[in-house]
Amino acid sequence: MRYSKLFGKTVREAPSDASMDSYKLLHRAGYIRESTAGRFFFLPLGIRMQQKIIKIVKEEMDRAGAQEMVSPVLHPLELWKETNRTNTAGFELMRVKDRRDAEFALGGTAEEMFVDVVRKFQISYKEMPFNIYQFSSKFRDELRARGGLLRVREFIMKDAYSFDIDEVEFKKEYKNMGDTYSRIFERLGLKTTVVESDGGYIGGDYCHEFVVDSPIGETNYLTNDDGSYNAHEEVATFDREDVNSSDEMKPLQEVDAVRGTTMEDGVKLHQMPLSHQIKDVLFVDESGRFILAVLRGDFDANEVKLKHVVKAVTLRHATAEEIREKLHSEPGFISPVKIHDLTEKGVSLIIVADTSLKTVKNAYGGANKLNKDLLNVNYGRDYSPEIEADIAMGKEGCMKDKKKLFMKKGIEVGNIFQLGYHYTKLMKNALFTDKDGSEKPYYMGCYGIGIGRTLATIVEKYHDERGMTLPPQVAPYTVHLIAIGKDSVPFERAESVMKTLEEKGIDVLFDDRTDVSPGAKFADVDLIGSPYRLVISPKTGDKIEFKKRTEKETKLVTEEELLQLL
RNA sequence: CGGAGCGUAGUUCAGAUGGCUAGAACGUGCGCUUUGGGAGCGCAAGGUCGCGAGUUCAAGUCUCGCCGCUCCGACCA
0 MRYSKLFGKT
10 VREAPSDASM
20 DSYKLLHRAG
30 YIRESTAGRF
40 FFLPLGIRMQ
50 QKIIKIVKEE
60 MDRAGAQEMV
70 SPVLHPLELW
80 KETNRTNTAG
90 FELMRVKDRR
100 DAEFALGGTA
110 EEMFVDVVRK
120 FQISYKEMPF
130 NIYQFSSKFR
140 DELRARGGLL
150 RVREFIMKDA
160 YSFDIDEVEF
170 KKEYKNMGDT
180 YSRIFERLGL
190 KTTVVESDGG
200 YIGGDYCHEF
210 VVDSPIGETN
220 YLTNDDGSYN
230 AHEEVATFDR
240 EDVNSSDEMK
250 PLQEVDAVRG
260 TTMEDGVKLH
270 QMPLSHQIKD
280 VLFVDESGRF
290 ILAVLRGDFD
300 ANEVKLKHVV
310 KAVTLRHATA
320 EEIREKLHSE
330 PGFISPVKIH
340 DLTEKGVSLI
350 IVADTSLKTV
360 KNAYGGANKL
370 NKDLLNVNYG
380 RDYSPEIEAD
390 IAMGKEGCMK
400 DKKKLFMKKG
410 IEVGNIFQLG
420 YHYTKLMKNA
430 LFTDKDGSEK
440 PYYMGCYGIG
450 IGRTLATIVE
460 KYHDERGMTL
470 PPQVAPYTVH
480 LIAIGKDSVP
490 FERAESVMKT
500 LEEKGIDVLF
510 DDRTDVSPGA
520 KFADVDLIGS
530 PYRLVISPKT
540 GDKIEFKKRT
550 EKETKLVTEE
560 ELLQLL
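Its first residue numbered 0, the first sequence is counted upward by one per residue in numbering that gives the first Met the number 0.
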């Protein structure tokens, strides 16, 4: 490829609002351009890199026994209604109508579509298991796109769906996919950690994320020194170390407490540690039910765990008006003690207590009245929750199995989900015929990789101050060749070297511009980030200068030596 | 959806208190010069100042509405 003909030029300046290195470099090097927020053009360099990533993903998926196909991007809305995901999908479904008023969802994920295509066939246990996948555009109406390609509203995803006869068989495939993912990311040059996580609106009981450690990532997970435990902060479990559970219970006491409404205000006023305070967070679910989450003061409520415990689809914080009018309590002074007696008749309220409360005696906290607090509050004696469960958010420094947990940040580049019978029981006729002639639902899993996000993550990991430093397997062009000189001789030689390399199947980007200074060409090589740089100039004589992007040294080689090196 | 801010040339930006015939740099085109780390000189093209109302003798500048975008949060993989 001649640079002079390449669509998409390098530019000096990044968009003023770009903050992430990957976005700045991909823009400057002419890989991508933003259309509207969160929607991108992939220019020739960008699409070549994307295709190289796709090729590796495809090779490994095929090797793992999965089969590529493709589904329509417009999903009949009927299907989403069948699984009730028109209501429960965590992202706002983008909908379109055709001229006959038929309704469609723009696919954000495709479980229903794949179940639908499978049930068009009469499948016997003999044909199972199978795993089908696609590369296709996904649409998510993100409230806030950010970080260039890291969080977008439209992107290419590889999504795979496995169909097994039962859980035992499924677990083999789940492991197969996990291993496949590890191999894919390794081939792409990314070091991933497999992190336990929550499936959210996908459904199912368990899932894992593949996370690349990065300070700009949005995934927070807890890990320990030896890496034997890795879990998203939302699902991480951990010990509640004892505070003073062997202390004698003292009598409950109500005191004046003129203070602000924060936890800190309580600590200051009573001169007692946060761990002795009771934290009360009031939520409302989709049916209008109130849920009072109660925790030891030094823990935060974990909405994901809480949702599972109370089987709620969505949770929101209660408003100050609701706290006063429905519960007859006071924001900042809520207490589980006797709150049921105060609550307005007909209002449904359940108390969920975190297990940490059992570790503390004689705690303090609000009294459901403005500027009044209770001292010596004791779990079991002064209040009893409807549910006792783990509803706390993991945090840096807590312990699990005698090992300290640390918080790490990373970018989620892929995930694997157990779906079980979630979809095949909600959708009619998603059945195969088993050995004994009976019809049974499929046991499913699904597996996703965000291609654009993976691309951006590779750039985050492989760059220096001058530009990208891409590994050969993903670089748009393996070799970046430049010719320097007044006359046409170096250009003609470079032309012939390019042809030779291309005949050997090596991608070459040849900077054939005659009206640009050498400095500008060198700067572009570094920016575009091809792994190998070749220079032909009057100084190189009948040889070719060879340099790796990541190294300083150059050497002069013959054409034959060059082919050896590549 | 809550809070803050921005929208002027392809890009990055300047245009304080209304006086604009709207500028600079980079980039682009042409000419000369130059060829090992983003060279120099000259000329030129390029703008409905996001859109729409309003105030005013006069609006890029002030007011209102809308649209778009960014950041923080909420939400989300």
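By construction, the Cβ of each residue, glycine as well, lies at the ideal position given by its N, Cα and C atoms.
Residue 406 carries a strand assignment under DSSP once its states are collapsed to helix, strand and coil. Boundaries of the alpha helix (DSSP H) around residue 498: 488-502. In the three-state scheme derived from DSSP, where H, G and I count as helix and E and B as strand, residue 5 is classed as coil. With contacts defined as CB atoms closer than 8 Å, residue 327 and residue 341 qualify as a contacting pair. Here residue 244 is near residue 360, since their CB atoms are less than 8 Å apart. The C-beta distance from residue 162 to residue 467 rounds to 40 Å, too long to fall under 8 Å, and the pair is not in contact. Secondary structure at residue 157: strand, using DSSP grouped into helix, strand and coil. In this structure residue 215 is in contact with residue 459, their Cβ atoms being roughly 7 Å apart against a cut-off of 8 Å.
Non-local C-beta neighbours of residue 303 in its own chain, meaning closer than 6 Å and more than five positions away in sequence, comprise 197 and 233, ordered along the chain. With at least 16 other beta carbons inside 10 angstroms of its own, residue 417 counts as buried. The region 501-565 contains, as complete alpha helix (DSSP H) runs of 4+ residues, the segments 517-527 and 558-564 (chain order). In this model, residue 208 and residue 437 are separated by some 35 Å (Cα to Cα). Non-local beta-carbon contacts of residue 108 in its own chain, meaning distances under 6 Å to residues more than five positions away in sequence, are absent.
Around the C-beta of residue 82, 16 or more other C-beta atoms lie within 10 Å, and the residue is accordingly described as buried. Less than 8 Å separates the beta-carbon of residue 124 from that of residue 432.
Here the alpha carbons of residue 332 and residue 311 stand approximately 25 Å from one another. Under DSSP, residue 222 takes part in a beta bridge, and its partners are 229 and 405. Put simply, the region 449-465 does not touch the region 501-517. Fewer than three CB pairs are less than 8 Å apart.
Residues 29, 42, 43 and 44 of the same chain have their beta carbon placed closer than 7 Å to that of residue 7, with the five preceding and five following residues left out of the count. Assigned with DSSP and collapsed to three states, residue 110 falls in helix. For residue 180, the enclosing alpha helix (DSSP H) begins and ends at 166-186. Secondary structure of residue 304 (DSSP, three-state): helix. Using a Cβ distance threshold of 8 Å, residue 228 and residue 399 count as a contacting pair.
For residue 21, the enclosing alpha helix (DSSP H) begins and ends at 20-27. When C-beta atoms of the region 461-481 are compared with those of the region 155-175, fewer than three pairs fall below 8 Å, so the two segments do not count as touching. Runs of the beta strand (DSSP E) lying entirely within the region 322-405 and spanning at least 3 residues, in chain order: 348-353, 362-365, 371-376 and 386-388. Judged by DSSP in its simplified three-state form, residue 253 adopts strand. The region 237-254 makes contact with the region 374-381: 3 or more CB pairs, one atom from each, lie closer than 8 Å. Beta-bridge pairing by DSSP links residue 66 to 131. Contact between the region 114-121 and the region 419-429 is present, with at least three C-beta pairs closer than 8 Å.
Residue range 262-269 is occupied by the alpha helix (DSSP H) that includes residue 266. Our two residues, residue 193 and residue 404, have alpha carbons roughly 16 Å apart in a direct line. In the DSSP assignment, residue 421 falls within the alpha helix (DSSP H) that extends over 421-425. Note that the C-beta distance between residue 447 and residue 156 is below 8 Å.
Residue burial annotation: residue 549 is exposed, with fewer than 16 other C-beta atoms found within 10 angstroms of its C-beta. Taking the Cα positions, residue 544 is about 5 Å away from residue 534.
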